[in-house]
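Colleague: In my numbering, the protein residues as written are 279 to 926.
1) Can at least three beta-carbon pairs, one atom from the region 705-713 and one from the region 654-671, be found at a separation below 8 angstroms?
2) To the nearest angstrom, how far is it from the Cα of residue 258 to the Cα of residue 798?
3) Would residue 431 pass as a contact of residue 440 if the rule is Cβ separation under 8 angstroms?
4) Considering only their Cβ atoms, is the gap separating residue 758 from residue 724 smaller than 8 angstroms?
5) Name the one or two DSSP bridge partners that residue 411 has.
6) Check whether the region 436-456 and the region 515-528 are in contact - that is, three or more C-beta pairs closer than 8 angstroms.
7) Please give the ranges of any beta strand (DSSP E) in the region 748-821, keeping only runs that are unbroken, at least 3 residues long and fully inside the region.
8) Got a sec? Which residues, its chain only, sit under 8 angstroms from residue 328 by beta carbon, not counting five neighbours each side?
9) Decide if the region 649-662 is in contact with the region 487-494; the criterion is three or more beta carbon pairs, one per stretch, under 8 angstroms apart.
10) Tell me whether the beta-carbon of residue 822 lies closer than 8 angstroms to the beta-carbon of residue 839.
11) So what's residue 907 in DSSP terms, helix, strand or just coil?
12) Could you check the C-alpha separation between residue 403 and residue 417 for me, to the nearest Å?
13) If you draw a straight line from the C-alpha of residue 804 to the C-alpha of residue 467, how long is it?
14) Measure the Cβ-Cβ separation of residue 713 and residue 729 and say whether it is below 8 angstroms.
15) When we look at the beta-carbon of residue 819 and count the other beta-carbons within 10 Å, is it buried (16 or more) or exposed?
16) Residue 761 and residue 785 look like a contact to me (Cβ under 8 angstroms); what is the Cβ gap, rounded to whole Å?
17) Helix, strand or coil: how does DSSP classify residue 323 here?
18) Could you check where the beta strand (DSSP E) with residue 741 kicks off and where it finishes?
19) Would a C-beta distance cut-off of 8 angstroms place residue 511 and residue 533 closer than the cut-off?
20) Under a Cβ-count criterion, where at least 16 other Cβ atoms within 10 Å of its own Cβ denotes burial, should residue 857 be classed as buried or exposed?
21) Pull up the DSSP beta-bridge partners for residue 647, would you.
22) Just the C-alpha distance for residue 380 and residue 325, rounded to the nearest angstrom, thanks.
23) Grab the span of the beta strand (DSSP E) containing residue 445 for me, first residue to last.
24) Excluding sequence positions up to five away, which residues of its chain have a Cβ less than 6 angstroms from the Cβ of residue 315?
25) First and last residue of the beta strand (DSSP E) that includes residue 609?
26) Name the DSSP bridge partner or partners of residue 663?
27) Along the chain, where does the beta strand (DSSP E) that runs through residue 864 open and close?
28) Determine whether the beta carbon atoms of residue 674 and residue 684 lie at a separation below 8 angstroms.
29) Looking at the unbroken beta strand (DSSP E) that takes in residue 726, where does it start and where does it end?
30) Taking the alpha-carbon positions, what's the residue 423 to residue 462 distance?
31) What are the boundary residues of the beta strand (DSSP E) that includes residue 340?
32) Quick one: Cα of residue 298 to Cα of residue 342, how far?
33) Work out the CA separation of residue 901 and residue 774 for me, nearest whole Å.
34) If you follow the beta strand (DSSP E) that residue 301 is part of, which residue opens it and which one closes it?
35) What's the call for residue 672, buried or exposed, on a 16-neighbour Cβ count within 10 Å?
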């Protein structure tokens, strides 16, 4: 009668007509009392839930007159009493069940779940939620986050409530409801090149990163790097540390302005990484600019040759990760070291002492420096090389048992082989989104110029320059969308010769620019091509070319390039000016620069007077030239170290 799922009793005195309702609660009577008095000719015609409220109702009928009365019951009382009509006594209810109580209402389950890194609780109608409810029960759920957390929103039956803390619904079936409780998110965005770390730990990045903190946590952010100009967001300002209390999801920006730094006109030492010894080997080094941070290999005397980075300051020149723990070196093979920036991520080859030389990547943090894929299991490794960025996809060559051209999106699953060749492809170069390279395939008789769009079908020969012999395309270089390279051509009358070539990617568009003796080290500077070529009188000289025969010439007479600075690149572009190591026969091998004219080709600084500082591994980082060179005898104990020069 009261809809609690338990049977109740309706009694009637056959003499007086009094009606009494007993509300039962297990073995006891919860309520009793006289509801009404009806003459004895009235009898129950039907017992059922007439109004659908989950409580039983009674239909009475006068057996003398046929009058019908409906009682809508509400526990021990009649909530509504009325006569829906009168029928003659010869009418009966067809299929009328024996007077009895209806089936109790259906019981359904409520499954309350929580998700997220935070914590909290849920109440139902202001009390602890029950695991079951009668079908049709109206519920109000309230999400209550702990002091350290935020309520993130509902899912399941309460999804429509979104992030409102309350959810109202009527439960009619087995139901799942999930409430999300989250810790607060602190996001740090870096504008420019630098590093931000946090205390407590969680933030350590050189680009954009985020971490979760308990609500109310006091966080201190520290920015490291040259040119840090200040904070925005989170109530932080100035260029000191940023201290704030996390009370909501917050984004803070750290701005680094390298252009505002005082700039030494003459080169200066950045850091003596290995005091009293040399930090850099004389070959096999790689200096790479990744979003304004310089990455390189160095030895501090304790860890072997490992991955380092620098923001141009002594404090900001640090070890990234000891990949091959202890004094062993991650870069043990000088011939296979290869560094390249792809989508603001450093990709390189390294040996961790277990898997051999394989592909690695780094975001500048120790945790973010990891192996991409173990292409060839075992300590030998796949020896990847020729790492090249082609519009955000890494291309390289490696051996998994056969020599192949590979590509990678930076994930293990996305690192796949494209094509197999007899020998390693070489000189991988991106020209307008197409990969060009030099390779030998037995079907074409020799080493020739190839191209690839990253698919098997799109990997094809460009032109066979030397018939059944090798043309040896080398020093492939992109200059404003035109491919330049050196090769051996075959002329039926005069025979083969060495020359400077250019190509638009078609066989017909692959042509000789000029016959040049032993052209090497092709480099784009501005819209011109710089390279070294052999002059039998003075040795190798710096050359320049605009892609025409007449415009291909020696840069300056009597200026020569020697093997003291053999670690490339030989030429580096800094704002359209070529920087390189050269010897004029007077100052030794020192740092030079050129604007492409003879008059504009001049000495920058005689770093080691009376000797050879032999600058090498020149690289442009946001307009600042970094390089490795030997210092003067006036700086005892300093060998070959990292230098910078700008404002020249």
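Even for Gly, the Cβ is constructed at its ideal location relative to N, Cα and C. Small disclaimer: the values here were computed from a predicted structure and weren't measured.
Modeller: Walking through what the data contain:
1) Yes: the two stretches touch, three or more of their Cβ pairs being nearer than 8 angstroms.
2) Because residue 258 is not part of the residues shown, which for the chain are 279 to 926, the question remains open.
3) If you check the CB distance, residue 431 and residue 440 come in under 8 angstroms.
4) Residue 758 is positioned such that its CB atom lies no closer than 8 angstroms to that of residue 724.
5) DSSP output for residue 411 lists 386 as bridge partner(s).
6) Segment contact: the region 436-456 against the region 515-528, fewer than three CB-CB distances shorter than 8 angstroms; contact not assigned.
7) For the region 748-821, whole beta strand (DSSP E) runs of length 3 or above, ordered along the chain, are 752-757, 760-769, 773-781, 789-793, 798-803, 806-813.
8) Around residue 328: 335, 337, 348, 350.
9) The answer is no - the region 487-494 does not touch the region 649-662, with fewer than three Cβ pairs under 8 angstroms.
10) No. Outside cutoff.
11) Note: residue 907 maps to strand in three-state DSSP.
12) Roughly 6 angstroms separates the two Cα atoms.
13) Distance between the alpha carbons of residue 804 and residue 467: 32 angstroms.
14) In contact: residue 713 and residue 729 (Cβ atoms closer than 8 angstroms).
15) Result: buried.
16) Incorrect: roughly 13 angstroms between the Cβ atoms, too far for contact.
17) Residue 323: strand per DSSP, three-state reduction.
18) Its beta strand (DSSP E) spans residues 737-741.
19) No.
20) So residue 857 ends up on the buried side.
21) Its beta-bridge partners do not exist; DSSP assigns none.
22) With a pLDDT of only 46 at residue 380, under the threshold of 50, the placement of this residue in the model should not be trusted; the figure read from the coordinates follows. Across the structure, residue 380 and residue 325 are spaced so that their CA atoms are roughly 7 angstroms apart.
23) Unbroken beta strand (DSSP E) run through residue 445: 444-449.
24) When the five nearest sequence neighbours on each side are left out, the beta carbons in the same chain lying within less than 6 angstroms of the beta carbon of residue 315 are those of 295, 296, in order along the chain.
25) Per DSSP, residue 609 belongs to no beta strand (DSSP E) and is neither H nor E.
26) DSSP lists 675 as partners of residue 663.
27) Looking at the DSSP string, residue 864 is not in any beta strand (DSSP E), and its letter there is neither H nor E.
28) Yes, Cβ-Cβ distance for residue 674 and residue 684 is below 8 angstroms.
29) Where residue 726 is concerned, the enclosing beta strand (DSSP E) stretches over 725-730.
30) Near 12 angstroms, if we compare the C-alpha coordinates of residue 462 and residue 423.
31) From DSSP, the beta strand (DSSP E) with residue 340 extends over 335-340.
32) Cα-Cα distance, rounded: 23 angstroms.
33) With a pLDDT of 48 at residue 774, under the threshold of 50, the predicted position of this residue should be treated as unreliable, though the coordinate-derived value follows. Cα-Cα distance, rounded: 42 angstroms.
34) Start and end: 296-303.
35) It counts as buried.
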